[in-house]
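Peer 1: Letter 114 of the sequence shown, counting from 1, is numbered 119 in the numbering used here, and no numbers are missing. Backbone N, C-alpha and C define an ideal beta-carbon position, used for all residues, glycine too.
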Amino acid sequence: MDFHETILNRRSIRRFTDSPVPEATILKLLEYASAAPSACNRKPWEFYVVTEEKFLSPLRKASRFTNYISPLNIVVCGNTRRSLPLQLSSYWIQDCSAAIENILLGATSLGLGAVWCGLLPQVRPQDRVRKILSLPEHIIPLALIHIGTPSEARPPHEGLDMKRVHFVKEGAPVEEDE
Ligand SMILES: Cc1cc2nc3c(=O)[nH]c(=O)nc-3n(C[C@H](O)[C@H](O)[C@H](O)COP(=O)(O)O)c2cc1C
């Protein structure tokens, strides 16, 4: 799949077959994740890879929006000991989000499906995931990604809403908010 196709074909997939994702594929997805940009190249992420039903089952119940059955979860967490100091510290969220998107695009390019399930800023789902994975205080669960072979098909994205595009030019009229 070329770049254009991968980007547009990436959709949130929430139904999967039960075929496992091979370990080599998991590592490839994590290599893509680690290639994401991060502020000052801190790479403040930690990836928790879950394939055992013992953990998948409680994880899917972390919230009603994570409740899908898949053979693989990757929980992407921020490591606050690796993040930038003081007022720059919350850059870790953007860094980890870039890593998540790389995983989603990588999954699409490999013929897999995935859905990004946000945990932060929901307090209870985060706490549940923290408990299930025994995360220490400095590791903050940002999102849980379900990954697997899709058992649903979704149409690709298309088009660009030009109302959301703003070419900044001298003398152009100020637009009203919509
Ligand atoms: C920050 C974030 C949090 C999300 N959380 C959830 C979630 O908890 N459960 C879910 O099913 N989808 C979740 N999604 C997926 C969105 O619902 C989905 O991206 C959106 O509907 C657009 O559809 P598409 O991904 O197929 O383009 C989340 C997406 C983002 C970016």
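Taking the CB atoms as reference points, tell me whether F60 and V81 lie closer together than 8 Å.
Peer 2: It is not a contact, given that the beta carbons lie outside the stated cut-off.
Peer 1: In the DSSP assignment, what residue or residues form a beta bridge with E51?
Peer 2: Looking at the DSSP assignment, E51 forms a beta bridge with C82.
Peer 1: When you compare the CB positions of D100 and W50, do they come within less than 8 Å of one another, or not?
Peer 2: The answer is yes: Cβ separation under 8 Å.
Peer 1: Just checking: is the beta-carbon of V173 within a distance shorter than 8 Å of some beta-carbon in chain D?
Peer 2: Here chain D cannot be found, since the structure has a single protein chain.
Peer 1: DSSP state of F172, grouped into three classes?
Peer 2: Coil at F172, not helix or strand.
Peer 1: Please go through the same chain and pick out, in chain order, the residues whose beta-carbon is closer than 8 Å to the beta-carbon of E163, but skip the five residues on each side of it.
Peer 2: Excluding sequence neighbours, E163 sits near L13.
Peer 1: Within the continuous beta strand (DSSP E) that includes H151, where are the two ends?
Peer 2: Start and end: 144 to 153.
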